[in-house]
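Chemist:
In UniProt numbering, the protein residues as written are 1 to 92.
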């Protein structure tokens with residue numbers, strides 16, 4: 001079964017999500033941005049979500065994780081929790 005490891009940043013607006021994405025693409029460290037801005041408890045760990053398989057996350061998140069390139073920042077992804085930036089760190 002496929003497995004992925006990923007990290008994410010959760011914020012309450014699409015505009016904030018876009019702003020943070022530009023900062024990361026401009027050279028800021030994903031983990032540091034997550035620690036400073038993510039409203040998810042995983043933010044304390046740089047947004048690290050650990051390893052998970054298909055169907056373990058909400059559908060929008062799941063689709064993005066298992067259908068995108070690794071090590072690129074994806075988003076904004078809207079879920080019932082807010083807006084996410086996502087980085088797949090590995091997939092097998």
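Beta carbons are placed, not taken as given, at the ideal position from N, Cα and C, and that holds for glycine.
Would you call the stretch 52 to 68 and the stretch 3 to 17 in contact, with 3 or more CB pairs under 8 Å?
Modeler: A contact exists between the stretch 52 to 68 and the stretch 3 to 17.
Chemist: Ignore the nearest five residues each way along the sequence and tell me which others in residue 60's own chain have a CB closer than 6 Å to its CB.
Modeler: Answer for residue 60: 77, 79, listed in chain order.
Chemist: From which residue to which residue does the alpha helix (DSSP H) around residue 6 run?
Modeler: Unbroken run through residue 6 is the beta strand (DSSP E), 4 to 11; no alpha helix (DSSP H).
Chemist: Look at residue 43 and residue 9 and say whether their C-beta atoms are less than 8 Å apart.
Modeler: Going by C-beta atoms, residue 43 is nearer than 8 Å to residue 9.
Chemist: Indicate the three-state DSSP secondary structure (helix, strand or coil) for residue 58 in the structure shown.
Modeler: Here residue 58 sits in coil by DSSP.
Chemist: Please confirm if residue 18 has its CB atom under 8 Å from at least one CB of chain B.
Modeler: Here chain B cannot be found, since the structure has a single protein chain.
Chemist: Name the DSSP beta bridge partners of residue 87, please?
Modeler: Bridge partners of residue 87: 7, 73.
Chemist: Using alpha carbons as the reference points, say which of 66, 24, 45 lies closest to residue 7.
Modeler: With distances taken between Cα atoms, residue 7 lies closest to 45.
Chemist: Does the beta carbon of residue 37 fall short of 7 Å from some heavy atom of the ligand HEM?
Modeler: Here there are no bound small molecules, and the ligand HEM is not part of this structure.
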